[in-house]
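A.B. asks:
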Amino acid sequence: MTATDVPISAEGNPIGFGRMHRKEDARFLRGAGKYVDDVTLPGMLHGAILRSPIAHARITSIDTSAAEAHPKVKAVITGQTLEGLGLAWMPTLSQDTQSVLCTDKVRFQGQEVAFVIAEDKYSARDALQLIDVDYEPLDAVVDAKHALDDDAPIVRDDLEGRTDNHIYDWEAGDATKCDEVFRNAEVVVTQEMLYPRVHPAPMETCGSVASMDPISGKLTIWTTTQAPHAHRTLYALVAGLPEHKIQVISPDIGGGFGNKVGIYPGYVCSIVGSIVTGKPVKWMEDRSENLMSTSFARDYHMTGSIAATRDGKIQGLKVDVLADHGAFNGVAQPTKFPAGFFHIFTGSYDYDAAHCNVTAVYTNKAPGGVAYACSFRVTEAVYLVERMVDCLADELGMDPAELRMNNLLKPEQFPYTTPTGWEYDSGDYPRALDEAMRIAGYDELRTEQAEKRRAYEAGESSMLMGIGISFFTEGVGAGPRKHMDILGLGMADGCELRIHPTGKAVVRLSVQSQGQGHETTFAQIISHELGIPPEDIDVVHGDTDNTPFGLGTYGSRSTPVSGAAAAVVARRVKDKSRIIAAAALECSPDDLEWEHGRWFVKGDPDNGKTIQDIAMAAHSSLELPEGVEGHLDATAVYDPPELTYPFGAYICVTDVDAGTGEVKVRRFIAVDDCGPRINPMIVEGQVHGGVADGIGMALMELIAFERDGTNLGGSFMDYLLPTSMECPSYELGETVTPSPHHPLGVKGVGESATVGSPAAVVNSVLDAIGVRAADMPLTPAVVWRAMQGSPLRMDLALE
Amino acid sequence: MQVPETFDYERASNIDDAIALLERHGDEARLIAGGHSLLPMMKLRLAFPEVLIDINDVPDLDHIRIDGDEIAIGAMVRHAAILDSALLAEHYPIFRDAERVIADPLVRNRGTIGGSFCQADPAEDLSAVGAALGGSVVVRSSSGSRTVPMREFHEGPYETKVGDAEILTEVRFPIRNATGSAYEKVERRVGDWAVAAAGAFVQLDGDMIADAGIGLAAVGADHFIVPDAEAALRGKPAIRESFEEAAQLCHDQCSPVTDQRGPEDYKRHLARELVLRALTRATARARGEES
Ligand SMILES: Cc1cc2nc3c(=O)[nH]c(=O)nc-3n(C[C@H](O)[C@H](O)[C@H](O)COP(=O)(O)OP(=O)(O)OC[C@H]3O[C@@H](n4cnc5c(N)ncnc54)[C@H](O)[C@@H]3O)c2cc1C
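So the sequence lines, in the order shown, correspond to chains A and B. According to the working numbering, the residues represented by the first sequence are 7 to 805, in order. According to the working numbering, the residues represented by the second sequence are 5 to 295, in order.
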């Protein structure tokens, strides 16, 4: 069914795929969303965390007596308290451990040291200042490039036998073959680059309200989580609480971007606090705490090499990565892939060979890792290859669009197995790039650019203009159970659908929206399959007591995995509705034909039953065939056979003031292919947000550190997010290449633009100034210095 | 949620009341105007005043008017009002240039000129504007008002001539003819403090520069000024070579510090580039070639 012949419901919504306003918007626009901080329970107490001001120090003593004497303080919890409960350390999502409250030494600035519980949030904060901690400062290791030096301070001396800061080495691809390709290549370009540490910075910071019912022994925790079911299981495993007595509720969530996948010490403290005090305890971090202590993203130092023929046929790509994981390896990703999906770094091109090596280290910086809409490090991978292709174009003196066009995978090569083992499902890459160039008016832009350059060189103007391209392929929808799990939990998603007697429906999901519009998209999927208007379908999510198990929303997996589960469950209901319709129409199911929302007798279109009629019949006393139970419900668990591979072509036009280094993004063209679009408006919204992310990372976002480990990105005065003033009005386009193995053909789009856009912006700026390389963020100072030939390294405090 | 330490709060009903409250509470008391410098510091627990004296109800501090041969701006005039003022735009377009790039509309709706001057942040834009234009600042205490020349008002970063029990009431700028003024700022993102900024004021006598003023923000220029650069302009032809010489002096004589906004050499470069641009535009305006 194409978008144009989708029937329209009584409320004006498409009964199926198409544009409609988000069902959740009425609530959000009225300010009636209910977030964790809106949860208020009788007798609720408030917690606050004392954090280390120093990045690396041994704690010699903690005196909490003055804080405990504060008239409004109910309890002070320290690492010692937790040690008694076996909770001073917790497992991370990467088989490492992380300190909940410090027992030995602090390992990053902002680390959790003590937890104060008071009658109100103000007193809790005030009491933090009454805690007296003796820190014995230690040398800090902040620069990943020196983390493996012989004399580097050891961050994780808590780990048995640990004598250095090395976490793992990991490789993919064929090194021998790659070396051979590079030995014989006519052209090899090597480029170092840093994808610096950035932060997801969701509007809502992290927090939780924990309530342990002393009578029933049931723990209810309202918490900012993208993965409520996984959190419940982890609490059960870590704290030894029975899983059926834990209810995790993720209410409205004000943005996640990966920041809310892991479990933070504050959540654990609120749970312990509730157990200790017998009262509900709320903990809500502030902005600085969020920026300084919760999951960052990237921090990848990469050295790429690309091999090609003189006439521009790409032959090989290799990369060495030094990955800075901070003080604890808290990366969220499938177990088999310590560097996430980084080995998809060959991107959208054909090669003879490729190889990557990733070495990960500990430093005295905040832990975390995979976050910020990165599709498990596809962001770093796409940035690497798209920068390398531009470096090659520069070396060859070729137009970067032409070089890409000549090397993109061809439609007939799909399904395509990459040199590092990914199986791309489907794609028509040249079409997407063509479309982006058409929208951009590529040739005219190049003409205009040449004129700007001429005027600049003649001293008539300080303005330069750049055109940057990025072509990305993502692998999303993790993932097949045979390959992927997180801490042993397979990445399949459940879904339950119940049709009420009157034909209204409720669909229950394991995934949880943080702004992606699930309440609308999933209603539209059911609507598409069953012909029930989307307004008649309630989407229930975010409460472990009321939804089936599944791993949550991140890595653009909701529509690829849970969306497929929803389609499957709807098809099961549809199959059953056919049997019930046949019983009602007194014919054989084989005699029935489906039209949107209705079964009718073949050759007799007036003789049929709507899905609403069938729902009522299913709950009535109608006699059903042997073995068919009443009601109209189904459940499903969807185990994706493979990942899906969305792709797109992005073009960014910038104006650069060479006199000051200021960059203005003039245009941004994004052609995305995510398969069929369930709600094009929501897809466009995801792309808009992602491009804004990309502009932010390319031009201003950064968490830098002083050499002693002091965090320089701890507030929005220092951690700059782009505003509408920095973002142009986006120009979007689409091509549609369905995934052959997804029931709806959809591929996922949540992170596409965040993944694909930074390289386009960087390529554009560098194209303008005629410089081959400079690292993000391209602030005016960085751009100007790059033009002077003395590039800046921004991840450490400038000196 | 970031919250300040506990403090007491008083609301002054007029200027004398504000001064009396300051005297009563001593040096742990602070005036609060727009609050957009003071409150962030309190919330980050970098400032801990015991008493806040709110002057938002104080009358007679929100005027922008011609007073004799000067323009007088009351201490409580908000950034937004300066941005909107036709009177200021007519005489000194530098205000409009600067206000367009100060913070964002939310901050501009509350932040005041008095607060900006008294905060004396080395990156404060209005201080650089004031430095370029010259003029004076009126300060009042229980013993009466005194007038401090603009260029003596700032004693250093975060330090001014306003004493413990004093209040800035007005800022005054002389009205002069055949003038032009302009402001240029580089920021990392809209709403960010300046990486560097320069304001220029030029008074022409035919093709010659009769008088000039330059104010620099965020580049470590004492009192926001480089007097040698201004002296170099006076009596010179209003042409690019003259501006370049002055700009070079600003480059050489300012003393920026390296921070995450940029290294010292870049900020010096900006001082030169922005002074050059501001002088060029100010001159075009003086000639009526640009609005
Ligand atoms: C996000 C953000 C971005 C900003 N960006 C910029 C920018 O780009 N450029 C820029 O120049 N500024 C910027 N500012 C600062 C802004 O302009 C403030 O409004 C200004 O610095 C202070 O004015 P205020 O009225 O808010 O002062 P307040 O915060 O109320 O007071 C500041 C200080 O001045 C004292 N004070 C106030 N009024 C008087 C008075 N009449 N007499 C004596 N003492 C007084 C107070 O006691 C206090 O010590 C920014 C602020 C924010 C929050």
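Where a beta carbon is used, it is the ideal one built from N, C-alpha and C, also for glycine.
1. Taking Ala262 (chain B) as the query, report the chain A residues whose CB atoms sit under 7 Å from its CB, ordered along the chain.
2. Whether or not the stretch 66–86 of chain B and the stretch 148–155 of chain A are in contact is what I'm after, with contact meaning three or more pairs of Cβ atoms, one per stretch, closer than 8 Å; do they touch?
3. Mind listing which residues of the stretch 649–673 of chain A have their C-beta closer than 7 Å to chain B's C-betas, in chain order?
4. Let me see if you follow: with CB-CB separation under 7 Å, is Leu283 (chain B) close to chain A or not?
5. In three-state terms, what does DSSP make of Met7 (chain A)?
6. Alpha carbon to alpha carbon, how far is Ile586 (chain A) from Thr230 (chain A)? Give it in angstroms, no decimals.
7. Where do the ends of the beta strand (DSSP E) carrying His172 (chain A) lie?
8. Just reading off the alpha helix (DSSP H) that Ile86 (chain B) is part of, what are its end residues?
9. Any heavy atom of ligand 1 closer than 6 Å to the Cβ of Ala107 (chain B)?
10. Would a check of beta-carbon distances place Ala786 (chain A) closer than 7 Å to chain B?
11. Which bits of chain A does Leu274 (chain B) rub up against, with CB to CB less than 7 Å?
12. Consider the Cβ of Arg193 (chain B): report whether some Cβ of chain A lies at a distance smaller than 7 Å.
13. Across the stretch 357–364 of chain A and the stretch 729–738 of chain A, are there enough close Cβ pairs to call them in contact, namely three or more that are closer than 8 Å?
14. So is Gly203 (chain B) buried or exposed if we call it buried at 16+ other beta carbons inside 10 Å?
15. Compare the C-beta of Arg15 (chain B) with all C-beta atoms of chain A and state if any pair is closer than 7 Å.
16. Please say whether Val142 (chain B) and Glu174 (chain B) have beta carbons closer to each other than 7 Å?
17. Measuring from the CB of Gln123 (chain B), is there a heavy atom of ligand 1 at a distance below 6 Å?
18. Does the separation of the CB atoms of Ala186 (chain B) and Ala286 (chain B) fall below 7 Å?
19. Am I right that Gly556 (chain A) and Asp499 (chain A) are in contact with their C-beta atoms under 8 Å? What's the rounded C-beta distance?
20. Is the stretch 319–337 of chain A close to the stretch 139–146 of chain A, with three or more CB pairs under 8 Å?
21. Please report the straight-line C-alpha distance between Val3 (chain B) and Ser246 (chain B), rounded to a whole angstrom.
22. Let me confirm a value: Met488 (chain A) is counted as buried when at least 16 other C-beta atoms fall within 10 Å, else exposed. Which label applies?
23. Cutting at 8 Å between CB atoms, please list the residues of its own chain near Ala22 (chain B), excluding the five before and the five after it.
24. Hey, Arg563 (chain A) and Ala484 (chain A): beta-carbon distance below 7 Å or not?
25. Thinking C-beta only, is Ala198 (chain B) closer than 7 Å to Ala225 (chain B)?
26. So for Met793 (chain A), helix, strand or coil by DSSP?
27. Starting from Pro153 (chain B), trace the beta strand (DSSP E) both ways and give me its first and last residue.
28. Using alpha carbons as the reference points, say which of A:Val607, A:Gly548, A:Pro566 and A:Glu599 lies closest to Pro234 (chain A).
29. Alpha carbon to alpha carbon, what distance is there between Leu154 (chain A) and Val669 (chain A)?
30. Which chain B residues sit within Cβ distance under 7 Å of Met731 (chain A)?
31. I want to see whether chain A comes within less than 7 Å of Glu249 (chain B), judged by CB atoms only; does it?
32. At 8 Å on the CB atoms, spell out the chain A contacts of Gln6 (chain B), in chain order.
33. Taking DSSP's pairing of strands, which residues face Asp813 (chain A) in a bridge?
34. Can Ile171 (chain B) be considered in contact with ligand 1, in the sense that its beta carbon sits closer than 6 Å to one or more heavy atoms?
35. Quick one: measure Cβ to Cβ for Gln618 (chain A) and Thr508 (chain A), integer angstroms, because I've assumed they're closer than 8 Å.
36. Less than 7 Å between the beta carbons of Ala570 (chain A) and Pro749 (chain A), yes or no?
C.D. replies: For this structure:
1. Here residue 262 (chain B) refers to the residue found at position 258 when the second sequence is read from its first residue. It is worth fixing the name first, because residue 262 (chain B) is Thr in this sequence and not Ala. Those are Leu804 and Glu805, listed as they occur along chain A.
2. Cβ pair count under 8 Å is below three, so no.
3. Those would be Gly665, Thr666 and Glu668, in chain order.
4. Translated into positions along the second sequence, residue 283 (chain B) becomes position 279. No, Leu283 (chain B) does not count as interfacial toward chain A.
5. Taking the first sequence and counting its residues from 1, the one referred to as residue 7 (chain A) is at position 1. Because the pLDDT of Met7 (chain A) is 47, which lies under 50, any placement of that residue in the model is unreliable, and the question is left without a value.
6. Here residue 230 (chain A) corresponds to residue number 224 of the first sequence, with the count starting at 1. Here residue 586 (chain A) corresponds to residue number 580 of the first sequence, with the count starting at 1. Cα to Cα, the separation comes out at about 42 Å.
7. The sequence position of residue 172 (chain A) within the first sequence is 166, counting from 1. His172 to Gly179 is the extent of the beta strand (DSSP E) around His172 (chain A).
8. Along the second sequence, one-based indexing puts residue 86 (chain B) at 82. Counting along the chain, the unbroken alpha helix (DSSP H) around Ile86 (chain B) starts and ends at His83 to Asp88.
9. Position 103 of the second sequence, counted from the start, is the residue given in the question as residue 107 (chain B). Yes, Cβ of Ala107 (chain B) sits closer than 6 Å to a heavy atom of ligand 1.
10. For the purposes of this step, residue 786 (chain A) is taken as the residue at position 780 of the first sequence. Looking at the sequence itself, residue 786 (chain A) is Pro, so the reference to Ala does not match. The beta carbon of Pro786 (chain A) falls within 7 Å of a beta carbon belonging to chain B, placing the residue at that interface.
11. Within the second sequence, residue 274 (chain B) is the residue found at index 270, counting from 1. Neighbours of Leu274 (chain B) in chain A, taken as residues at a C-beta separation under 7 Å, are given in chain order as Thr666.
12. The sequence position of residue 193 (chain B) within the second sequence is 189, counting from 1. Closer than 7 Å: yes.
13. In short, these stretches do not touch, since the Cβ pair count stays below three.
14. By one-based count along the second sequence, residue 203 (chain B) stands at place 199. Buried: at least 16 other Cβ atoms inside 10 Å.
15. In the second sequence, the residue the question calls residue 15 (chain B) occupies position 11. For Arg15 (chain B), the answer is no, since every Cβ of chain A falls outside 7 Å of its Cβ.
16. Taking the second sequence and counting its residues from 1, one reaches residue 174 (chain B) at position 170. Taking the second sequence and counting its residues from 1, one reaches residue 142 (chain B) at position 138. The Cβ atoms of Glu174 (chain B) and Val142 (chain B) lie closer than 7 Å to each other.
17. Along the second sequence, one-based indexing puts residue 123 (chain B) at 119. Under cutoff, so the answer is yes.
18. As a first step, residue 186 (chain B) must be located in the second sequence, where it is residue number 182. As a first step, residue 286 (chain B) must be located in the second sequence, where it is residue number 282. Yes, the Cβ-Cβ distance between Ala186 (chain B) and Ala286 (chain B) is below 7 Å.
19. As a first step, residue 556 (chain A) must be located in the first sequence, where it is residue number 550. As a first step, residue 499 (chain A) must be located in the first sequence, where it is residue number 493. That pair is a contact at about 3 Å.
20. In this structure the stretch 319–337 of chain A does not lie against the stretch 139–146 of chain A, because fewer than three pairs of beta carbons, one per stretch, are closer than 8 Å.
21. The structure shown has nothing for residue 3 (chain B), since chain B only spans 5 to 295.
22. Mapped onto the first sequence, residue 488 (chain A) falls at position 482. Looking at the sequence shown, residue 488 (chain A) is not Met but Lys. Classification of Lys488 (chain A): exposed, given that the 10 Å Cβ count is below 16.
23. Within the second sequence, numbered from 1, the residue matching residue 22 (chain B) stands at position 18. For Ala22 (chain B), where only same-chain residues beyond five positions count, the Cβ hits under 8 Å are Ala16, Leu35, Ile57, Ile59, Val62 and Ile171.
24. Against the first sequence, residue 563 (chain A) aligns to sequence position 557. Against the first sequence, residue 484 (chain A) aligns to sequence position 478. Against a cut-off of 7 Å, the Cβ pair of Ala484 (chain A) and Arg563 (chain A) comes out as a contact.
25. In the second sequence, residue 225 (chain B) corresponds to position 221, counting from 1. In the second sequence, residue 198 (chain B) corresponds to position 194, counting from 1. Cβ distance not < 7 Å, so Ala225 (chain B) and Ala198 (chain B) don't count as in contact.
26. Locating residue 793 (chain A) in the first sequence gives position 787, where the first residue counts as 1. Looking at Met793 (chain A) - three-state DSSP - the assignment turns out to be helix.
27. Within the second sequence, residue 153 (chain B) is the residue found at index 149, counting from 1. Per DSSP, Pro153 (chain B) is one residue of the beta strand (DSSP E) stretching across Gly148 to Pro153.
28. Translated into the one-based positions of the first sequence, residue 234 (chain A) becomes position 228. For the residues A:Val607, A:Gly548, A:Pro566 and A:Glu599, the minimum Cα distance to Pro234 (chain A) belongs to A:Gly548.
29. For the purposes of this step, residue 669 (chain A) is identified with residue 663 of the first sequence, where counting begins at 1. For the purposes of this step, residue 154 (chain A) is identified with residue 148 of the first sequence, where counting begins at 1. Their backbone Cα atoms lie some 37 Å apart in a straight line.
30. Locating residue 731 (chain A) in the first sequence gives position 725, where the first residue counts as 1. Result: Val194.
31. What you label residue 249 (chain B) is simply residue 245 of the second sequence in a count that begins at 1. Judged by the 7 Å Cβ criterion, Glu249 (chain B) is not in contact with chain A.
32. Here residue 6 (chain B) refers to the residue found at position 2 of the second sequence. Simply Asp292, Arg293 and Ser294.
33. For residue 813 (chain A) there is no data in the structure shown, the boundaries of chain A being 7 and 805.
34. For the purposes of this step, residue 171 (chain B) is identified with residue 167 of the second sequence, where counting begins at 1. Correct: Ile171 (chain B) has its Cβ closer than 6 Å to ligand 1.
35. Along the first sequence, one-based indexing puts residue 618 (chain A) at 612. Along the first sequence, one-based indexing puts residue 508 (chain A) at 502. Contact annotation, Gln618 (chain A) with Thr508 (chain A): C-beta distance approximately 7 Å; criterion of less than 8 Å satisfied.
36. Reading the first sequence from its first residue, position 564 is the one you call residue 570 (chain A). Reading the first sequence from its first residue, position 743 is the one you call residue 749 (chain A). Their beta carbons are under 7 Å apart, which means Ala570 (chain A) touches Pro749 (chain A) by this criterion.
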